[in-house]
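Residue numbers (our numbering): 1 to 199.
Here is the structure we will look at.
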Amino acid sequence: MAKAWMAGAERIDGAAARTAAGIGAPRAVWTVTGTDPDVWSAREEALRLVREDRAAHLVWNPRDGGVAQALAATRRSPLPLGRTARFDRFLDHGDEGRVCIVVAVVSLEREPFTDGPLLGLEPILEWLESWGVPRTWPAGPPGLWSSPEDRTRVWSRGGHFGHDQVPGSLSTAPGRVNPEHVLTPGAHPTLESQPSVTT
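Written out as structure tokens, the structure reads:
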């Protein structure tokens, strides 16, 4: 059964947030905090995002595995995701889906977090799956151009997306991360986790 709060995550008061619409395919949107994971913790970054009225559901530091949760899965993140005009009305895509869970990774955009350790990722994916978010990344790798029509089409399928892949998004986050490394943690050893070879 899906739990509004992820087991093992440190709970942060994300202040008032309205309930998501709850209609359509469930999604997870990955973004980055723009900060150094060797300097800032998930808790510190979650608190900063709350202060800036940009709270994400989860803030995760892949270097130490720390996870902080500021919003229940059933709440809508105030972080601007993307919106498009349809029939002279603006559609906020953060309001779509049974859930639209934002995961902010403590990382710099120019240094793809999938190139380093991904500690604590599996419990995040399992929690997202409990909400019906499948382990698929239908838009392909973030950081590549796609037409507005293509963005809307793949968005309707649900699954995992980069912030830059949300229809109408102005963000370039999370950078050139590798979706395969996100969706299959442990299957792709990083340089830090590979044994050293001496000759």
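Backbone N, C-alpha and C define an ideal beta-carbon position, used for all residues, glycine too.
Quick caveat: nothing in here was measured; it's all calculated off a predicted structure.
Reduced DSSP secondary structure (H/G/I, E/B, other) of Leu183: helix
Pairwise C-alpha distance: Asp13 and Leu58: Distance from the CA of Leu58 to the CA of Asp13, rounded to the nearest whole angstrom, comes to 12 Å.
Contacting residues, own chain, Cβ-Cβ under 6 Å from Ala104 (five flanking each side not counted): Thr31, Thr33, Ala56 and Val59
Arg110 burial status per 10 Å Cβ neighbour count (16 or more: buried): exposed
Buried versus exposed, by CB contacts within 10 Å (16 or more), Thr19: exposed
Contacts around Arg11, its chain only, beta-carbon distance under 7 Å, and the 5 residues preceding and following it disregarded: Trp5 and Gln69
Straight-line gap, Val39 to Val102 (C-alpha atoms, nearest Å): 22 Å
Gln69 - partner residues in DSSP beta bridges: Arg11 and Leu58
Ala25, DSSP secondary structure in three states: coil
Residue burial classification, Ile124 (beta-carbon count within 10 angstroms, cutoff 16): buried
Rounded straight-line distance, which links the Cα of Glu45 to that of Ala187: 28 Å
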